[in-house]
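Numbering (the working numbering), first residue to last: 56 to 312.
Data first, discussion second: the structure below is written as structure tokens.
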Amino acid sequence: MIKKICVNHAVTYEYPPDGGTIPIIDPYDGCSVGCPYCFQLEDENWNLDLKVKLNIAEVLQQEVSSWSKTEPVYIGSRCDPYMGIERKYELTRKCLMEIHKLNLKCMLTTKSGSRLIFRDLDIIQAMGDQFTLLLGLSNLNQLTKVDDMSVLGNIQTANELHRIGIQVWVFITPVLPGITDVDAMIHALDDDIQVFLDKVRIKPGTRPALALESYIGRRYPHLVTTYHDIIYNGRDIYYESMKEKWSKHKRIRFVFE
């Protein structure tokens, strides 16, 4: 169900495993992409509804008017900024407009596969090197439909945007053994696009663990043992092999390693 709400604050904070602090702007609360490994699933109340923050752009303008020009703000964590409802409400676009007016650095995370980002090229191109797109490739809705990584929607988007001068970093996070072909993905991307990788980081018995196990059991039953090993024994042979192969390449980085 979609719920329209008003908010008092536009910026929240997250604390990643490296001990940092990340300022987050979520134009929506909830996500329609449906990743079974999403860490937000640990919150049992998350995603029961898709909340539309009608006044977020106005609140954002006030809240970050004196924001440091050297510290980036991040768009997208408890939502995907370019999921389907953005077509109607345009809250991501409105937030980008406010950030651009203040000449702030912005990093926007999406993996939805939507082409909506091209709608906002007028703003994004005007932001220049103040804007970075963090584009996720572990979109299971896309990955189940193609075998050739060169036609994967988000890889095509990454290459298209990169070729017109948008700064794009791609994330294979998490690396999903038997599903995300890391070698093929890297080779399908333009040579100077930065690539970030991370392993499946899920605690046994949690809601994300149960969701991922259920998904693998339904869609990839031949991988059940592999994912049981990852979740319960911390053994990820494929990820370790990719780390050994790619860790010395300058364009490839391993998150939290």
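Heads up, the beta-carbon is just placed ideally off N, CA and C, and yes, glycines get one too.
Would a C-beta distance cut-off of 7 Å place residue 390 and residue 257 closer than the cut-off?
Here the chain has residues from 56 to 312 only, and residue 390 is not among them.
Residue range of the beta strand (DSSP E) that includes residue 249
249 to 252
Measuring CB to CB, does residue 225 end up less than 7 Å from residue 252?
no
Who are the Cβ neighbours of residue 313 in its own chain at under 6 Å, not counting the five residues just before and after it?
A question about residue 313 goes unanswered here, because the residues of the chain that appear run from 56 up to 312.
When we look at the beta-carbon of residue 115 and count the other beta-carbons within 10 Å, is it buried (16 or more) or exposed?
buried
Label residue 56 either buried or exposed according to how many other C-beta atoms from any shown protein chain fall within 10 Å of its C-beta, with 16 as the threshold for buried.
A residue is called buried when at least 16 other Cβ atoms come within 10 angstroms of its Cβ; residue 56 does not meet this threshold and is exposed.
Cβ-based burial, residue 348 [other Cβ within 10 Å; buried from 16]:
Since the first residue shown for the chain is 56 and the last is 312, residue 348 is missing from the structure and cannot be characterised.
For residue 234 and residue 254, what's the separation of their Cα atoms in angstroms?
A straight line joining the alpha-carbon of residue 234 with that of residue 254 spans about 13 Å.
Sorted by chain position, which residues of the same chain lie with C-beta nearer than 6 Å to residue 79's C-beta, five sequence neighbours on each side aside?
67, 69, 129 and 132
Exposure of residue 217, with buried meaning 16 or more beta-carbon neighbours within 10 Å:
So residue 217 counts as buried.
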